Structure formats: C-alpha cells, structure tokens
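Participant: Heads up, the sequence shown is in our numbering, so the first residue is 3 and it goes up one at a time.
Built from N, CA and C at the ideal position, the CB exists for glycine as well.
Small disclaimer: the values here were computed from a predicted structure and weren't measured.
Structure below; questions to follow.
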Amino acid sequence: MRLAIFASGGGSNFQAILDATRRGTLCADVVLCVTNSDRAGVIERATKHSIPVLRISPNDYLDADDYSADLLSGLDASGVDFIALAGYMKIIPAEIVERFRGRIVNIHPALLPAFGGKGMYGMRVHEAVIASGEETSGASVHVVDEEYDTGPIVLQYSVPVLPDDTPGSLAARVLEVEHRLYPDALALFAEERIVLEGSVVRIKRPNL
Ligand code: GRF
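Structure follows, in structure tokens:
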C-alpha cells in the first residue's frame, strides 16, 4: 500500500502511522504528505523522515478543476494508491473521491455518527460531547464519501468522559486512542481484510 497522508496541523496521527510502518505493524509505505498550510507542524515531521511534502491549497486556485487536476497529478507522481486524512481541514474534491473510491479514510475524534458533520471539527467536537452530558466518547475511522463524516465506519474505540473533563482533557484522551486506532484500521486495508458492501464494512479474519 502506497499511502499519502493529508494533514493540516501538528501531525501526531501522521507520526503514529509512520511509526507503525517503520515498526512493521502496518505493512505500507508513506510516500507523500499533503498539506494545505505552510505552517502545519506535519511538514517538519515529514521532512525529518524524508517523506516528500506536497503543499497545495484550493485557496490558491481560481478554478477548482485546476486544483483537483494538480492534486491528482501530485498523487499520481508519487504512485499513491491509498489516502489517509489525519486532521485535514479541506474538503476532498469529488474527482479524487471518485478516483480513490473506498481507498480514502478519515479519523474523527468522536463516536460517529454522533458529533460529526460540517462544522464538527477540532475542539468543537469535544465541547459538544461534554455539553451533551454523554458519558462515553471515542474515535472513529471511516471511509470518505462526498459528505462530511458520513462514510462507512471501519473501526471505533471508546473512552470515558469524566465528570471534571474539559474539552482539552477529553481531546488528549481521545488523541491517545487515535494513535493506536488509525494504524490498526489502515493495517486492515493493507492486509486486504476490508470488504465494503454498500454502507456496510465487513472485516475478514486474518490469513493465519
Ligand atoms: C485529530 O484529533 C483528528 O481526529 C482530527 O484532527 C486531529 C489531528 O491531530 N481530525 P494531529 O494533527 O494528527 O495531531
């Protein structure tokens, strides 16, 4: 699996995925880091590990088709065959969702389908979870479709919401889980154990 990781922020999930490939628990090569921001911390992480970085933002294009075409040719130039979104703040163009159908995943810091959708990102998710009085939150890895956070769910992991939690303390507890969940979910794809049947994800037993 030749993986591109898209990230707009610090890139701790990028790091967790890369570490899993280096440890050998995830059989994939991270061949490209895509970011929309010059200031993203993920750039330093990628550079440190000699992973090529493609800095591209739709904001720099007048024509959305030109943006999609450039993004697609960047992915093709690196031979990318799977995309992991890890804190990526831009919508993926429909052409790319179509080209990589079933081969783009995202991680969301809550138990989807709850607390997802447009505008539900970053601290807002954890604020909403705490405000709702839920006693459990967690992280979800899902397949990306044309909408926000609606694609089939691959794996989820839950964490407790504690009575004295702040959005920050809850975010930290969820992020720790994300770092294990995301490489595990990607490994299922790399081992060809994921079967997508419409909106249902079936996980095959490992070949022992
Ligand atoms: C994570 O909480 C992820 O769930 C969300 O954005 C955050 C990214 O964190 N989509 P990092 O950049 O991987 O540290």
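Tell me whether T23 sits in a helix, a strand or coil according to DSSP, three-state version.
Facilitator: helix
Participant: On the three-pair Cβ rule with 8 Å, is the segment 101–117 touching the segment 38–57?
Facilitator: no
Participant: Please say whether A174 and S142 have beta carbons closer to each other than 8 Å?
Facilitator: no
Participant: Using 7 Å as the cut-off, classify the Cβ of F16 as near or not near the heavy atoms of the ligand GRF, replying yes or no.
Facilitator: yes
Participant: With 16 other CB atoms within 10 Å as the buried threshold, where does V202 fall?
Facilitator: V202 comes out exposed.
Participant: On the CB-based measure, 16 or more other CB atoms within 10 Å of its CB, does L64 come out buried or exposed?
Facilitator: exposed
Participant: Per DSSP, what kind of secondary structure is N108 in: helix, strand or coil?
Facilitator: Correct three-state label for N108: strand.
Participant: Check whether the Cβ atoms of L114 and I98 sit closer than 8 Å, and answer yes or no.
Facilitator: no
Participant: Shortest alpha-carbon distance to D147 belongs to which of V32, F117 and R101?
Facilitator: R101
Participant: For V161 and A42, I'd like the C-alpha separation in whole angstroms.
Facilitator: 27 Å
Participant: Counting pairs of Cβ atoms below 8 Å between the segment 121–139 and the segment 188–196, do you hit three or more?
Facilitator: Output reads no: the segment 188–196 does not touch the segment 121–139.
Participant: Does DSSP classify P162 as helix, strand or coil?
Facilitator: It is a strand residue.
Participant: Specify, as a first and last residue, the run of the beta strand (DSSP E) that S139 falls within.
Facilitator: T138 to V145
Participant: Would you mind working out which of L28, M122, Y159 and Y69 sits nearest L38, comparing C-alpha positions?
Facilitator: For clarity, residue 38 is Asn in the given sequence; the question names Leu instead. If we check each option's Cα against that of N38, Y69 comes out closest.
Participant: If you drop the 5 nearest sequence neighbours on each side, which residues of the same chain put their C-beta closer than 7 Å to that of D83?
Facilitator: M3, R4 and R105
Participant: Count the other CB atoms, across all protein chains shown, that sit within 10 Å of the CB of L164; report buried if there are 16 or more and exposed otherwise.
Facilitator: exposed
Participant: What is the rounded straight-line gap between the Cα of N15 and the Cα of R182?
Facilitator: 9 Å
Participant: Tell me whether I155 is buried or exposed, calling it buried when 16 or more other Cβ atoms sit within 10 Å of its Cβ.
Facilitator: Sixteen is the threshold: when 16 or more other Cβ atoms of the shown chains lie within 10 Å of the Cβ of I155, as they do, the residue is buried.
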